[in-house]
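Before any comments, here is the structure.
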Amino acid sequence: MIARLQERTPITLALSKGRIFDETLPLLENAGIQVDEDLERSRRLIVATSDPDLRIIIVRASDVPTYVQYGAADVGVAGKDVLNEHEVLHPGGLYQPIDLGIARCRLCVAAPAGFDYQGAVYQGARLRVATKYVQAAREHFAAKGMHVDIIKLYGSMELAPLVGLADAIVDLVSTGSTLRANQLVAVEEVAEISSRLIVNRAALKTRRERLQPLLDAFGRASGSE
Ligand code: ATP
Ligand code: MG
Numbered sequence: 032m033i034a035r036l037q038e039r040t041p042i043t044l045a046l047s048k049g050r051i052f053d054e055t056l057p058l059l060e061n062a063g064i065q066v067d068e069d070l071e072r073s074r075r076l077i078v079a080t081s082d083p084d085l086r087i088i089i090v091r092a093s094d095v096p097t098y099v100q101y102g103a104a105d106v107g108v109a110g111k112d113v114l115n116e117h118e119v120l121h122p123g124g125l126y127q128p129i130d131l132g133i134a135r136c137r138l139c140v141a142a143p144a145g146f147d148y149q150g151a152v153y154q155g156a157r158l159r160v161a162t163k164y165v166q167a168a169r170e171h172f173a174a175k176g177m178h179v180d181i182i183k184l185y186g187s188m189e190l191a192p193l194v195g196l197a198d199a200i201v202d203l204v205s206t207g208s209t210l211r212a213n214q215l216v217a218v219e220e221v222a223e224i225s226s227r228l229i230v231n232r233a234a235l236k237t238r239r240e241r242l243q244p245l246l247d248a249f250g251r252a253s254g255s256e
């Protein structure tokens, strides 16, 4: 049993370094909250803010839902890509009230420029697909009635078709420059992706008064209220 002194612990917001942190900062600033730490230089994983009742923890993007679900963080910001994968394994585990509209991109099927993907689909070929997004890929191909062998990777999916590990990949695309650099093209969209605010269900009840102003501020800053 991990006991936390709820009354005295500041509200804890889980963010990942990079895009999500960079695009969440302006939303916090709109709510009058500043972060002084320079994340590029600091190795600190717990970061104070100008609000003594709000601290930020820095975790891997795909770990944000886990920290929030178990209550180690009260709130977090995570991409729909990551949330979809989490949701399949932990249905309803998280409250996801606000689409923040940040870190936008598309989850796509991509294949080598010379590969006739539509032809292969039409002929019912059994494709090998490499991806970090196993659940989303499974659902996508099942909905198309396609049989695929999914190979789980943790990164650099673009490499897989180039060295014969897979026929195609399912990966995030924003400008397409990483695909182009590896002679791949997006052949199908799986989902539009942006990041959502997620909230621990117990904290929503036990810490409601302290959380509500933050939820309201995120709602206003993202224009979804
Ligand atoms: P890690 O590097 O820890 O394995 P990651 O590569 O998923 O995780 P980021 O690249 O920072 O971490 O991505 C975090 C989130 O930002 C993703 O889950 C997705 O929602 C979004 N994202 C990823 N790539 C892009 C992109 N090219 N454009 C816009 N948003 C993106
Ligand atoms: Mg990345």
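Heads up: the sequence shown begins at 32 in my numbering, then just goes up one per residue.
For each residue, glycine too, the CB sits at the ideal point set by N, CA and C.
query	result
Is the CB-CB distance between Ala134 and Gly110 below 7 angstroms?	yes
Is Arg91 near ligand 1 - that is, is its Cβ less than 6 angstroms away from at least one heavy atom of it?	yes
Which runs of the alpha helix (DSSP H), 4 residues or longer, sit entirely within the region 188 to 248?	190 to 193, 208 to 212 and 232 to 237
Pick helix, strand or coil for Tyr126, following the three-state DSSP scheme.	strand
So for Arg251, helix, strand or coil by DSSP?	helix
Could you give the first and the last residue of the continuous alpha helix (DSSP H) run that contains Ala168?	Val165 to Ala174
In its own chain, which residues sit with a C-beta less than 8 angstroms from the C-beta of Ala167, not counting the 5 before and 5 after it?	Asp112, Asn115, Glu116, Leu138, Val201, Val221 and Ala222
Assuming Ile77 is part of the beta strand (DSSP E), what are its boundary residues?	Ile77 to Ala79
With DSSP collapsed to three states, give me the class of Lys183.	strand
Less than 8 angstroms between the CB atoms is what I'm expecting for Ile229 and Pro122, so what's the real figure, rounded?	In fact, because the Cβ distance is near 14 angstroms, the residues do not count as touching under 8 angstroms.
Is any heavy atom of ligand 4 found at a distance shorter than 6 angstroms from the C-beta of Ser205?	Questions concerning ligand 4 fall outside what the structure shown contains, since the ligands it does hold are ligand 1 and ligand 2.
Closest by CA to Ala234, which one among Val78, Gly102 and Ala45?	Gly102
Answer yes or no: the CB of Ile64 versus the heavy atoms of ligand 1, is any distance below 6 angstroms?	no
For Asp70 and Ala161, what's the separation of their Cα atoms in angstroms?	Looking at the sequence provided, one finds Leu at residue 70 rather than Asp. Whole-angstrom Cα-Cα distance: 32 angstroms.
Going by alpha carbons, who is nearest to Gln154 out of Pro143, Cys136, His171 and Lys175?	Lys175
Are Gly107 and Ala62 touching if we call contact CB-CB under 7 angstroms?	no
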